[in-house]
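Chemist:
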Amino acid sequence: SQTIHQWPATLVQPVGSPLSLECTVEGTSNPNLYWYRQAAGRGLQLLFYSVGIGQISSEVPQNLSASRPQDRQFILSSKKLLLSDSGFYLCAWSRDLNEQYFGPGTRLTVT
Amino acid sequence: AQSVTQPDIHITVSEGASLELRCNYSYGATPYLFWYVQSPGQGLQLLLKYFSGDTLVQGIKGFEAEFKRSQSSFNLRKPSVHWSDAAEYFCAVGATGGGNKLTFGTGTQLKVEL
């Protein structure tokens with residue numbers, strides 16, 4: 024069966040510090056991978072998606088970036104965090120017909 | 142571009158009562174439709190999905206949803222709500238190609254009174 028992992032689970036970072044969130048998927052190959060952000064009381068905002076190694080599409084211009092160094096690894100990064108980057112970050116994967124499966128999420132607080 | 146509207150931000154029902162959560166979508170072709178549930182601090186769990194065929198789909202935890210093309214709706218229902226159903230529910234519509242992205246509604250927060 025497939026599983027998806029995210030770490031860390033929680034993170035408190037000061038403004039201006041760098042960020043690296045990691046997502047890995049097990050039990051499948053060549054998945055589509057997605058990063059979402061969920062702000063308090065709001066829906067899900069798609070940040071990036073990837074259909075293959077090294078292929079990243081950005082949905083919203085911002086100070087975040089994503090990379091996919093391996094088939095089942097997806098990384099969300101920032102060089103300098105802003106207060107507005109606080110939120111709940113979710114990684115998801117899919118293979119066919121849009122059905123996406125989500126990881127447990129990372130709670131990021133920028134102070 | 143596709144869009145999803147969940148008109149109810151909050152809904153409160155008594156345990157044992159029936160539930161219907163509304164979802165309206167906008168999409169030019171036959172949509173792929175989904176309902177997800179999220180407990181506080183957790184990821185999203187897929188409840189059910191509609192791709193084609195029978196317009197009444199059954200999901201996990203006793204939930205069902207009905208696709209009505211004429212009304213552009215995909216409402217979620219449960220005959221008898223349990224206290225453990227308290228959570229946030231998201232409707233989503235999918236598009237083929239281009240990474241198979243989903244567009245989510247803003248969610249409906251369900252509270253269950255004992």
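Protein sequences, first through last, are from chains A and B. In case it helps, our numbering puts the first sequence at residues 24 to 134. In case it helps, our numbering puts the second sequence at residues 142 to 255. Note that CB positions come from ideal geometry on N, CA and C, so glycine has one too. Note that the coordinates shown come from a computational prediction; the quantities given were computed from them, not determined experimentally.
Since I believe V133/A is in contact with L105/A (beta carbons under 8 Å), could you give me their beta-carbon distance rounded to a whole number of angstroms?
Modeler: 7 Å between Cβ atoms; contact.
Chemist: Which residues mark the beginning and the end of the beta strand (DSSP E) in which V234/B is found?
Modeler: Per DSSP, V234/B belongs to the beta strand (DSSP E) from 228-235.
Chemist: Under 8 Å between beta-carbons, which chain E residues line up against G66/A? List them in chain order, please.
Modeler: Within the model displayed, chain E is absent; protein chains A and B are what it includes.
Chemist: Sort out for me which residues DSSP pairs L34/A with in a bridge.
Modeler: The partner list for L34/A (beta bridge, DSSP) reads L131/A.
Chemist: Could you pull the DSSP bridge partners for Y168/B from this structure?
Modeler: Bridge partners of Y168/B: none, in fact.
Chemist: For P220/B, which option in V234/B, F175/B, S144/B, S159/B has the closest C-alpha, if you only look at C-alpha atoms?
Modeler: Among V234/B, F175/B, S144/B, S159/B, the Cα nearest to that of P220/B is on S159/B.
Chemist: Beta-carbon of G184/B versus every beta-carbon of chain A: anything under 8 Å?
Modeler: G184/B counts as touching chain A.
Chemist: Report the option in W224/B, A233/B, F231/B, G246/B whose CA atom is closest to the CA atom of L255/B.
Modeler: Checking every option, the nearest Cα to that of L255/B belongs to W224/B.
Chemist: Using a Cβ-Cβ distance cut-off of 8 Å, determine whether L113/A contacts chain B.
Modeler: At least one chain B Cβ lies under 8 Å of L113/A.
Chemist: Establish whether the CB of N55/A and some CB of chain B are separated by less than 8 Å.
Modeler: So, interface residue.
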